[in-house]
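2 protein chains.
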Amino acid sequence: METARVAIVGLGTIGSGVARLLLENSDRITRHAGRRIELACAVDTDLTRTRNVALPAGLLSDDLSRVTDDPRIGAVVQLVGGLKPARSIMLKLLESGKDVITANKALLAEHGPELFDRARELGRSIAFEASVAGGIPIITGIGQCLSANQIQSLHAILNGTSNFILTRMEEHGTDYAASVAEAQRLGYAEADPSMDVDGSDAAQKLAILAHLAFGARVDWRSIPRTGIDTVDVADLRYARELGYSVKLLAIAELVPEGLELHVSPTLVRHGTPLAEVRGAHNAIRVVGDAVGRVFFHGLGAGQMPTASAVVADLIDTVVGRTAITFRTLELWSGEKEAPVAARDPEKIPGRFYLRLGVDDRPGVMAEIAGVLGRHDVSIASVIQHEAADEEEADGIVPLVIMTHLAPEGAVSDAMAKIDGLSCVQAGSVRMRVRN
Amino acid sequence: METARVAIVGLGTIGSGVARLLLENSDRITRHAGRRIELACAVDTDLTRTRNVALPAGLLSDDLSRVTDDPRIGAVVQLVGGLKPARSIMLKLLESGKDVITANKALLAEHGPELFDRARELGRSIAFEASVAGGIPIITGIGQCLSANQIQSLHAILNGTSNFILTRMEEHGTDYAASVAEAQRLGYAEADPSMDVDGSDAAQKLAILAHLAFGARVDWRSIPRTGIDTVDVADLRYARELGYSVKLLAIAELVPEGLELHVSPTLVRHGTPLAEVRGAHNAIRVVGDAVGRVFFHGLGAGQMPTASAVVADLIDTVVGRTAITFRTLELWSGEKEAPVAARDPEKIPGRFYLRLGVDDRPGVMAEIAGVLGRHDVSIASVIQHEAADEEEADGIVPLVIMTHLAPEGAVSDAMAKIDGLSCVQAGSVRMRVRN
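Each protein sequence line maps, in turn, to chains E and Y. Residue numbering for the first sequence follows my numbering, beginning at 1229 and increasing consecutively. Residue numbering for the second sequence follows my numbering, beginning at 1229 and increasing consecutively.
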C-alpha cells in the first residue's frame, strides 16, 4: 500500500490533536485515504512543552528545513497562529513544493489573496476547512456540496467564546464581566478576549465564508460589527420574556444593491435552530435558491473538533481532491469580485428590540409611541414592568419595545428623536431581531 | 474553456429540476466546475408529459442509446425510480463507460454491492449524495468531511413524509389518518405511503449511511423497524406534556457487541435540535470521536433540494473528485464488513414511554409500580389525569409512565407481566425515549 508522508508545523494544542489522530487512528484514516498517512516530522520552536500526544522519537524538531528540504513530504499542516511568522512560513512551504492545510483564519482574512495567488503560480493547494467553525464542515459544505446553488444568505454563530458568554448570561443570570471570567476559567476565552467579544473574529470568518459563497472579496475590517460587550444581562431577560435569545450573528445576505454583511448581537426566536445553539457551539444557516435552508451545527473550536477538520483536509489533499477544488474554484483570484452593499446596518430594514430608560410618569409611553408612529415604525410588543426597588430611587424605569418590520433608516431616525426627549435617559439599547 | 457533456436518464420531477439547474444556472455551475457543463441529452419513456423546464429542441429522447452510444457524454444522471429497469439501465450506463449519479436509495440498498463492484471493474464511479436526506450533504459529510473520526452514532430523521405527518398530528391535534390525507393532499405523501410510514424508506437510507459511517454491510430488511402508523395523537399530547416530541428516528450506534441499528418512533426532548425538526425536513445528528456532535438539518426531499444534491454530485464527477472518493473508499466492496449487533431493540437498555389503559380504581398504580420496581425499572414521571367523559363510561383511564434508564430487557419483561394484569387493558403503547 502506498504511503503519503506529511508534516505538522506548529505543534500547539490543535497540532497535538492532529498528531494524535494521525498516530492513534491510522486504521480508519487509511480506509478513507486509500493509503497510509505517515507523520514524518513535527516542527515547533518549543521542544520542551508538555503535549497530550506521544510522538515517536526523532519526530519533533525546531528546524523548518527538515520539512522544506524533504521532497518526500508532500502535504504540510501549518498551524502557526497569528500573522508573523505564519505568512512567511506558509510562503516557504508553498515554495518548497508543499500543499498546505491551515486553520488560521486571521492569516486568510489578511493575506488570502496573496497566498492563494502564490499557491496557484506554484501549482500547489491550500485547504482551510478548520479556519471557520472548527469541526463543522462548512467550507466543503458551501464550496463543494451546495455548488449548484446561488447562495442567498448566511446567518451564522461563528464565535464560540461569545456564544458561551451569552448562554451563560442567559441561563445563569450572571452579568457580562462575571461570564467572561467564567469563560476564561473554563478555557473558552483567552486572557485577552477582545477579538472574540468585539465581533472581529466572527467578521474574519464571515469574510472567508462570503468569499466562498458569493465570490465577494471583502476586507474583514470593512464589515460593520458590534460586539457582545454592549449586551446587558437585563436585555437577555427581556428577550427571553418576548420569546427570544440573543446571539452574536454574522450575516451575509444578497440584496438588490449587492451583498450585505454585518456582525451584531441579534434576537433569535426560541424554537428556531439558531436559538438552540448553546455554549461554545457554532452554527450556520445557509439558504440556497435550489436547496432552500440547510443548517449546520457543531463545535466551532477546541483541540479535537478542529483537528478533525484539519485531518479531513489532509486526507483530501493527499488523495487529490483538494488540488481539484483549488484549481476549479480559483478562490481569491484577481478577476473574481462581487459588489458589496455598503449600507449602514442601522439603516437596513428590519425588526428591532429597543430598551429605553424612561421617567415613570403618565404620558411617556404615548410620547414615545407617537415618535415611532410618525416614523412608520409599528410596535409589535411592549414590556414595562412595575419599577423594581433599585430603579424607583431615581424615578427611571425600563421600557422595552419590539418593533414590526420597519422601513430603511426609520428606526435610526426615530431613535435619534426619542433619545432627545426629556423623559428618556441617555444610553438606550437597540438590537436587531432576526426576520 | 473546456466543456463536459452530460445526460439525464429519467426526466421526472427530480430530473426536470436537474435540467433546470443546468440550463438556468450555468454561470455559477461553471464557476464551481471550472468548465461548462452542457446537457447533451435527456432520456425518458414519456415524451409528452408537461415538465417545468424548457428543454432546447432535440434534447429529449426515448432512446437510451443516444446516451450509451455517444462517447462524448461522460457523466449521466440516472433518475429512474424503483428497481426495474433502474438496475439494468445503471449497468448499461456503466458498461458504456459512463460515470453515474443517482438519487435512487432503494436501488443502492438492494443492489449496491453488485453495482459498485461492476463500476469498480469498469473503472467508473457512482455518486449518490441525493439518495439520503435530499439537499443535506450528509454523504459527503460522513464519507469525506468527517473521515478523521470513528463515527460513534447516528440519530436521524430521514423520512420527510413521516415527519410531516407527526408534526401535523402534534401541532394540529389531527389523528393519524387525517394527517396522512393532508400530507397526500399537499404532495408530501404518495397515494400509497406505506414504505414511508412503516419505516422501510428510513431503514434503506440508514443502511446506506451505516455503510458509509461504519463500513457495515447491512441488508436493510434486517433492520428492526416500527412505523408511525402505530402512533396515536394522544401519545403526542402526553409526550408534549412531558416536554418531548415524537420523531421517527433511524439510529445506528456502535456498542461493544457491534453496530446496533433500528428505526422507530422515539421521544425527543424539546429544546434539542432533533426535536425542532418540523414538517418535511430531515436531520442527522452524527457523533464522532474527534469532532463530537455535528448536526445537519434541511429539506430531505422535493424537486429542487434533491436536484441541488444531484448537480453537486455531477460537478464532483465532472471535475474528478468523485472518481477519487470512489476509488479510495471502496464502498460495498467484498472485503469490508463490520459486525452488526443483532439485539432485539425491545431489549436494548434505555428510557421508555409507556401508555396503559387501566381500571379507574384504588390500588392499580401500586400494582403496576410494583411490577416495574421488581424488574429494576425506575419511574421518572407519571401522568394520570381525571377520566374524561368518554373514558369514564367504561371505567378505563389512561396511565402514562416515563421510565429512567432501564437494564437490558427489563422493560419488555415488566410489560409482559403488566399486560397480563386484570386491571390493565390490552393494547398498551411503548416508545423509546432518546437517552
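Using N, Cα and C, we set each Cβ at its ideal position, and we do this for glycine too.
- No Cβ-Cβ contact shorter than 8 Å links E:V1546 with E:L1249.
- Look at E:M1229: its C-beta is not under 8 Å from any C-beta on chain Y.
- Counting C-beta pairs closer than 8 Å gives three or more between the stretch 1230-1242 of chain Y and the stretch 1305-1320 of chain Y, which meets the contact rule.
- Close to E:L1249, with beta-carbon spacing below 8 Å, are these residues of chain Y in chain order: A1376 and A1518.
- Between Y:T1368 and chain E, the shortest Cβ-Cβ separation is below 8 Å.
- Per the coordinates, the alpha-carbon of Y:R1352 lies some 19 Å from the alpha-carbon of Y:I1265.
- Sixteen is the threshold: since fewer than 16 other Cβ atoms of the shown chains lie within 10 Å of the Cβ of Y:E1614, the residue is exposed.
- Here the stretch 1366-1374 of chain Y makes contact with the stretch 1366-1375 of chain E; the two share three or more CB pairs at distances below 8 Å.
- At least one C-beta of chain Y is nearer than 8 Å to the C-beta of E:M1532.
- Looking at Y:A1654, Y:I1301 and Y:P1501, the one whose alpha-carbon comes closest to that of Y:K1326 is Y:I1301.
- Scanning chain E for C-beta atoms nearer than 9 Å to the C-beta of Y:C1651 yields nothing, as the closest lies near 40 Å away.
- Under the Cβ distance rule, Y:I1385 does not count among the residues neighbouring chain E, no pair being separated by less than 8 Å.
- The criterion of a C-beta distance shorter than 8 Å is satisfied by E:F1356 and E:L1336.
- Contacts with chain Y (Cβ-Cβ distance below 7 Å) from the stretch 1569-1584 of chain E involve no residue at all.
- If you draw a straight line from the Cα of Y:E1504 to the Cα of Y:P1299, it is about 48 Å long.
- Assigned with DSSP and collapsed to three states, Y:R1352 falls in coil, not helix or strand.
- With 16 or more other Cβ atoms inside 10 Å of its own Cβ, E:M1397 counts as buried.
- Residue contact check for E:H1632 against chain Y: no CB pair falls below 8 Å.
- Relative to the Cα of Y:L1476, the nearest Cα in the group Y:R1583, Y:D1587, Y:R1315 and Y:F1392 belongs to Y:F1392.
- Residue-level contact check: E:E1469 does not touch chain Y, since none of the beta carbons of chain Y fall below 8 Å from its beta carbon.
- Within chain E, Q1372 have C-beta atoms less than 8 Å from the C-beta of Y:D1544, given in sequence order.
- Judged by DSSP secondary structure, E:Y1466 falls within the alpha helix (DSSP H) whose first and last residues are V1461 to E1469.
- By the neighbour-count definition (other C-beta atoms within 10 Å, threshold 16), Y:A1642 is a buried residue.
- Following the DSSP letters along the chain, one finds Y:V1408 inside the alpha helix (DSSP H) bounded by residues Y1404 to R1413.
- Ranking Y:V1522, Y:T1553 and Y:V1328 by CA distance to the CA of Y:Q1372 puts Y:T1553 first.
- Distance from E:V1474 to E:V1459 at the Cβ level is roughly 6 Å; contact confirmed, criterion being Cβ atoms closer than 8 Å.
- Shown here for E:W1448: same chain residues with a beta carbon closer than 6 Å to its own, the five before and five after excluded, namely A1337, A1431, Q1432 and A1435 in chain order.
- Neighbours of Y:R1555 in chain E, taken as residues whose beta carbon is under 7 Å from its own, are G1262 in chain order.
- Taking the Cα of Y:I1479 as reference, the smallest distance to any Cα among Y:V1496, Y:E1469 and Y:M1229 is reached at Y:V1496.
- Shown here, Y:S1428 sits in a helix according to DSSP, grouped into three states.
- The stretch 1253-1260 of chain Y makes no contact with the stretch 1525-1538 of chain E: fewer than 3 CB pairs, one atom from each, lie closer than 8 Å.
- Between Y:A1331 and Y:T1534 the beta-carbon gap is near 6 Å, inside 8 Å, which marks them as a contact.
- Interface criterion not met: the Cβ of E:N1510 is under 8 Å from no Cβ in chain Y.
- By the CB criterion at 8 Å, E:Q1531 and E:G1245 fall inside the cutoff.
- By the Cβ neighbour-count rule, E:L1321 is buried, with 16 or more other Cβ atoms within 10 Å of its own.
- For Y:A1511, the enclosing beta strand (DSSP E) stretches over residues H1509 to G1516.
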